[in-house]
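Throughout, my numbering is defined as the position within the sequence shown, counted from one, plus 23. No residue lacks a Cβ here, since even glycine has one placed at the ideal position from N, Cα and C.
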Amino acid sequence: MGPQGLLAVFGPDGASGALFLGEGTVGPLHAIEQLAIGFILFGVGAEFRFETFRRIGIPALTLSAAEIGATGLLVGLAVWLGTGDVRLALVAPALAVASAPSATLVTLREVEAEGPVTRALILCVGHNNLAALLSFPILLALAFGGGDGMFAAAGVLGALVAGAALGVAAAVGLESIDGRRELVLVGILVVLATLGLLHWASPGSTGLGMIGCFGAGLAIANSSPHADRVVRYVENTVYPLYVLFFIAVGRDLHIESIAGAGVLGILFVGARALGKYAGGRIGVRLSGLEDELSPSFGTGLMCQAGVALGLVAALEVAAPEETAALRDVVIASVVVFELIGPWLVRRTAVGAGEVKLANLMPHTEARGFDALRWVVLELRRNLGLLGTKSESGSSGPTVGHAMRRRPTTLAETDPFTRVMKRLAESHADLLPVIDSAGGFKGVISYEDVKSALYDPSLHGLVIADDLTTAVPDALDPDAPLHLALELMDRRQVHSWPVVKDGRLLGMMRRSDAYGLMRRGLGGGK
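Structure representation (structure tokens):
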């Protein structure tokens, strides 16, 4: 709808100028971008849980440090070779390191990805943007004399602290309310207050607003038991804002900038892609996460948009003439990585086995005359004119479609303390136990550990195998979904193992199965 599409075809004058995204929309869309980035960074900050950091904090930092270091070094060298300007080479790494939190999070949630790779991607995206936002003012001051580097660093840290303080204040207020509307209101007010306060303190500084919202999300997530609901409700409420954000970004993505980027653009894009991939590969090895993460993990960090564009805007204000070439290159880079980045994120999560098969199935039954057929079937069902036998023409989904393929597991030799730690961290009602050969042994639930929990003398003696309960009726991946749900209802469990030939294939959650059937993939049953 913008100047690269329909507006260019029909012209900016007359009715087309009012219908499409002409010059009059630049100001409102820019304001929407800043507001949406604030909510996006608020959500990214909320993913930084100290309990998660305690578990994988050092490996995650090692992973991020390797990826950030490799990307920054290669991009800095590429820009220096392409321009010969040390100043641009000094600033460019901060622009390249930033990953798009919006595209990454939306893509992962679209396919309902869940597992170690998904958690690591979200953590690394947060690390990337935190590193970019913290380093950019310092590098800008050093390169173009835009002020003292230490003063710039103090401003960034001040923004982080200010946002965190507002987040803690909101957490205190959350203790006295519980309604959904009030929780949404508090979350929205925190973001607006953070953006407003930091804009007042430093007018026109996009980076400080972003870092402040990140700090607010981090503070609420770690200081309030209501954080999960606040973040989820706020995201659902402001989702239309995210749609407008992508419309605004799309309007500003000038496709011809790719052709105009020239050799410098090729060097920048190539160096950033190589840095993310190679840095991720090195980081996986150095962090000792080879068993959980694929060597190609870095391909999931390619997305680039909101944060980078915000820093480009700040760069234009600080040094408009000296940085013109670099800004054009970064905009071209954003076009490239926003086109391929989400696909790479999805591919990384799917390749790791953290996406249910059902989420990859085309929902063809909701198209054309099939959609009318489903409406008629629903009417007949509610009028009592439909029997129990499926009339959908298909056997419906199976357990294999709904199961999670990368569940948290326990080894049969794990000590009692590790069993309790994994149970607490997974938030699952039970965990599967695997033997040394990879065979499925059974499951452990909180009910199984009660006796040992209240007898400290057993803590050093009991291992996972002692607490394991055999599962004679594990689910088969080819079993119909409704039969699996009946079994889980009889056992009164929220999840159950899926086993074939004595090996664990995954875990099926009752909520996932019901959700799959509600979406219309469950046939007449």
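Original post:
Anyone know if the C-beta pair for G288 and V352 falls short of 7 Å?
Top reply: Position 265 of the sequence shown, counted from the first residue, corresponds to residue 288. Position 329 of the sequence shown, counted from the first residue, corresponds to residue 352. V352 is positioned such that its CB atom lies closer than 7 Å to that of G288.
Subject >> Classification of I18 by the beta-carbon crowding that lies within 10 angstroms, buried from 16 upward >> reply: The requested residue 18 is not part of the displayed model; the chain covers only 24 to 548.
Subject >> Cβ neighbours of L30 in the same chain (closer than 8 Å, five flanking residues each side left out) >> reply: The residue labelled residue 30 in the question sits at position 7 within the sequence shown. Taken in chain order, the residues that qualify are M24, S39, G40, F43, L44, G45.
**OP:** Could you have a look at F43 and say whether DSSP puts it in helix, strand or coil?
**Re:** Along the sequence shown, read from residue 1 onward, the residue named residue 43 stands at position 20. It is coil, neither helix nor strand.
**OP:** Spatial neighbours of S246 within its chain, please: CB distance less than 8 Å, with the 5 preceding and 5 following residues excluded, ordered by chain position.
**Re:** Position 223 of the sequence shown, counting from 1, holds the residue named residue 246. Here the set comprises G190, V191, A194.
Original post:
Can the beta-carbon of F360 be found closer than 7 Å to that of V214?
Top reply: Counted from its first residue, the sequence shown places residue 360 at position 337. Counted from its first residue, the sequence shown places residue 214 at position 191. Going by C-beta atoms, F360 is not nearer than 7 Å to V214.
**OP:** Classify N151 as buried or exposed, calling it buried when 16 or more other Cβ atoms lie within 10 Å of its own Cβ.
**Re:** Stepping through the sequence shown from its first residue, residue 151 is reached at position 128. So N151 counts as buried.
**OP:** May I ask you to verify whether the region 99-112 touches the region 302-319, counting CB pairs closer than 8 Å and requiring at least 3?
**Re:** Contact between the region 99-112 and the region 302-319 is not established, with fewer than three Cβ pairs separated by less than 8 Å.
Original post:
Using CA coordinates, which residue listed in S158, V521, L111, V109 is at the minimum distance from A121?
Top reply: For the purposes of this step, residue 121 is identified with residue 98 of the sequence shown, where counting begins at 1. Per the Cα distances, S158.
**OP:** Leaving aside the five residues before and after L86 along the sequence, list all residues of the same chain whose C-beta is less than 6 Å from its C-beta, in chain order.
**Re:** The residue labelled residue 86 in the question sits at position 63 within the sequence shown. Cβ neighbours of L86 beyond the five flanking positions: G306, S310.
**OP:** Could you tell me whether the region 485-495 touches the region 435-445, where touching means 3 or more Cβ pairs closer than 8 Å?
**Re:** yes
Original post:
Residues in its own chain within less than 7 Å of G462 by CB, not counting five upstream and five downstream?
Top reply: As a first step, residue 462 must be located in the sequence shown, where it is residue number 439. These residues qualify, in order along the chain: G525, R526.
**OP:** Report buried or exposed for L153, applying the criterion of at least 16 other Cβ atoms within 10 angstroms of its Cβ.
**Re:** On the sequence shown, residue 153 is found 130 positions in, with the first residue counted as 1. It counts as buried.
Original post:
Assuming L131 contacts L111 under a Cβ cut-off of 8 Å, what Cβ separation, rounded to an integer in Å, is found between them?
Top reply: In the sequence shown, counting from the first residue as 1, residue 131 sits at position 108. In the sequence shown, counting from the first residue as 1, residue 111 sits at position 88. Not confirmed; about 33 Å, so no contact.
**OP:** Measure the C-alpha to C-alpha separation of I200 and L206 and round it to an integer number of angstroms.
**Re:** In the sequence shown, residue 200 corresponds to position 177, counting from 1. In the sequence shown, residue 206 corresponds to position 183, counting from 1. For I200 and L206, the distance between alpha carbons rounds to 7 Å.
Original post:
Hey, quick one: how far does the beta strand (DSSP E) through I486 stretch, first residue to last?
Top reply: In the sequence shown, counting from the first residue as 1, residue 486 sits at position 463. Unbroken run through I486: none, as it is neither H nor E.
Original post:
If you check the beta carbons only, do R427 and M530 fall under 7 Å apart?
Top reply: Sequence index remark: in the sequence shown, residue 427 carries index 404 (1-based). Sequence index remark: in the sequence shown, residue 530 carries index 507 (1-based). Yes; because the gap between Cβ atoms is below 7 Å, this pair is in contact.
**OP:** Along the alpha helix (DSSP H) that carries L221, what are the first and last residues, could you check?
**Re:** Stepping through the sequence shown from its first residue, residue 221 is reached at position 198. That run of the alpha helix (DSSP H) goes 203-224.
**OP:** Between the Cα of V472 and those of A497, C236, A460, I486, spot the shortest distance and give me the residue it belongs to.
**Re:** Stepping through the sequence shown from its first residue, residue 472 is reached at position 449. Answer by Cα proximity: I486.
Original post:
From I363 to T431, what distance separates their C-alpha atoms?
Top reply: Residue mapping note: residue 363 aligns to position 340 of the sequence shown, counting from 1. Residue mapping note: residue 431 aligns to position 408 of the sequence shown, counting from 1. So the two alpha carbons sit approximately 30 Å from each other.
**OP:** Counting only the same chain and skipping the five closest in sequence on each side, list residues whose C-beta sits under 6 Å from that of R532.
**Re:** For the purposes of this step, residue 532 is taken as residue 509 along the sequence shown, with counting starting at 1. Counting only Cβ-Cβ distances below 6 Å, and skipping sequence neighbours, we find S518.
Original post:
How would you label F237, buried or exposed, when you count the other beta carbons within 10 angstroms and need 16 or more for buried?
Top reply: Position 214 of the sequence shown, counting from 1, holds the residue named residue 237. F237 comes out buried.
Original post:
In whole angstroms, what is the alpha-carbon distance linking G138 and L180?
Top reply: For the purposes of this step, residue 138 is taken as residue 115 along the sequence shown, with counting starting at 1. For the purposes of this step, residue 180 is taken as residue 157 along the sequence shown, with counting starting at 1. One C-alpha to the other measures close to 32 Å.
Subject >> CA nearest to the CA of A375, picked from L118, F320, A434, A447 >> reply: Working through the sequence shown from its first residue, we reach residue 375 at position 352. Selected option, being the one with the closest Cα: F320.
**OP:** Kindly provide the ranges of any alpha helix (DSSP H) runs that are 4 or more residues long and lie completely inside the region 487-530, ordered along the chain.
**Re:** Qualifying alpha helix (DSSP H) stretches, in chain order: 487-490, 504-514.
**OP:** Leaving out five residues on either side along the sequence, give the residues of the same chain with a beta carbon under 6 Å from the beta carbon of A89.
**Re:** As a first step, residue 89 must be located in the sequence shown, where it is residue number 66. Around A89: G302, I305, G306, L309.
**OP:** Pick helix, strand or coil for I467, following the three-state DSSP scheme.
**Re:** In the sequence shown, residue 467 corresponds to position 444, counting from 1. Three-state DSSP puts I467 in a strand.
**OP:** Could you spell out the range, first to last residue, of the alpha helix (DSSP H) harbouring I270?
**Re:** To locate residue 270, count along the sequence shown from 1; it is residue 247. Boundaries of the alpha helix (DSSP H) harbouring I270: 262-275, taken from the DSSP string.
Subject >> Separation of G298 from P124, as counted between CA atoms >> reply: Looking up residue 124 in the sequence shown gives position 101. Looking up residue 298 in the sequence shown gives position 275. So the alpha carbons of these two residues sit roughly 18 Å apart.
**OP:** Starting from the C-beta of S534, find all residues in its chain whose C-beta is less than 8 Å away, skip the five residues before and the five after it, and write them out in chain order.
**Re:** Locating residue 534 in the sequence shown gives position 511, counting from the first residue. Cβ within range, chain order: H517.
Original post:
When the Cα atoms are used, what is the spatial distance from G240 to E70?
Top reply: In the sequence shown, residue 240 corresponds to position 217, counting from 1. In the sequence shown, residue 70 corresponds to position 47, counting from 1. Rounded to whole angstroms, G240 to E70 spans 8 Å at the Cα level.
**OP:** Determine the extent of the alpha helix (DSSP H) in which I145 is found, giving its start and end residues.
**Re:** Translated into positions along the sequence shown, residue 145 becomes position 122. It spans 139-167 - the alpha helix (DSSP H) in which I145 sits, taken as one unbroken run.
**OP:** Please name the residue, chosen from D496, P503, L212, that lies closest to T421 on a Cα-to-Cα basis.
**Re:** In the sequence shown, the residue the question calls residue 421 occupies position 398. Considering only alpha carbons, the answer is P503.
Subject >> Residues that P438 bridges to, as DSSP identifies them >> reply: Within the sequence shown, numbered from 1, the residue matching residue 438 stands at position 415. Beta-bridge pairing links P438 to I486.
**OP:** Would you give the residue range spanned by the beta strand (DSSP E) that P455 belongs to?
**Re:** Translated into the one-based positions of the sequence shown, residue 455 becomes position 432. Counting along the chain, the beta strand (DSSP E) containing P455 begins and ends at 453-457.
Original post:
Short check: CB of V272 to CB of A328, under 7 Å?
Top reply: Here residue 272 is taken as the residue at index 249 of the sequence shown, counted from 1. Here residue 328 is taken as the residue at index 305 of the sequence shown, counted from 1. Their beta carbons are under 7 Å apart, which means V272 touches A328 by this criterion.
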